[in-house]
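Step one of this worksheet: look at the structure below.
Residue numbers (the working numbering): 6 to 117.
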């Protein structure tokens with residue numbers, strides 16, 4: 006009897022920080038040892054202690070820490086979230102949706 010390999014839905018969990026001043030935040034996290042991985046307009050990807058996270062320019066009501074789940078099958082997971090009616094925002098220019106869990110905690114699903 007062969008065992009079928011179980012598919013992982015989520016391959017990685019990252020966090021992001023919506024902030025007012027990106028450069029000030031970047032300077033702070035670099036002092037803690039964070040390395041800049043990439044940068045686009047108002048978004049900076051960092052890594053520290055083998056953990057990836059991002060800083061992004063946010064309006065006052067969007068500032069704070071959020072979670073991002075990286076999927077190995079983005080289209081399937083997105084369809085599941087849409088079926089559960091938990092998707093609250095979807096972007097056409099990237100593989101990412103914003104969704105809520107049953108307690109209305111907002112987080113992102115990312116396909117890479």
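Beta carbons: idealized from backbone N, C-alpha and C, even for Gly.
Near the ligand FMN: residue i beta-carbon under 7 Å from a heavy atom
i           : result
residue 100 : This structure lacks the ligand FMN; in fact it carries no ligand of any kind.
Between the CA atoms of residue j and residue i - distance to the nearest angstrom
i           : j          : result
residue 115 : residue 39 : 22 Å
residue 109 : residue 85 : 17 Å
residue 98  : residue 55 : 28 Å
residue 14  : residue 59 : 22 Å
residue 9   : residue 46 : Model confidence at residue 9 stands at a pLDDT of 49, short of 50, so the residue's coordinates are unreliable; what they give is reported in the following sentence. Each residue's Cα considered, the two are about 43 Å apart.
residue 49  : residue 96 : 18 Å
residue 34  : residue 73 : 19 Å
residue 102 : residue 31 : 25 Å
residue 90  : residue 83 : 10 Å
residue 88  : residue 77 : 19 Å
Paired residues, beta bridge with residue i - DSSP
i           : result
residue 103 : 94 and 113
Beta-carbon proximity check, residue i vs residue j, cutoff 8 Å
i           : j          : result
residue 51  : residue 41 : yes
residue 118 : residue 16 : Because the chain in this structure spans residues 6 to 117, residue 118 falls outside the shown range and cannot be described.
residue 43  : residue 71 : no
residue 93  : residue 80 : no
Residue i at chain B interface by Cβ criterion, 8 Å
i          : result
residue 65 : Protein chains in the displayed structure number just one, and chain B is not present.
How do the region 13–26 and the region 56–64 stand: do at least 3 beta-carbon pairs fall below 8 Å, yes or no? yes
Going residue by residue through the region 10–81, where are the continuous beta strand (DSSP E) segments of at least 3 residues, counting only ones entirely within it? 15–24, 40–45, 48–53, 56–62 and 69–76
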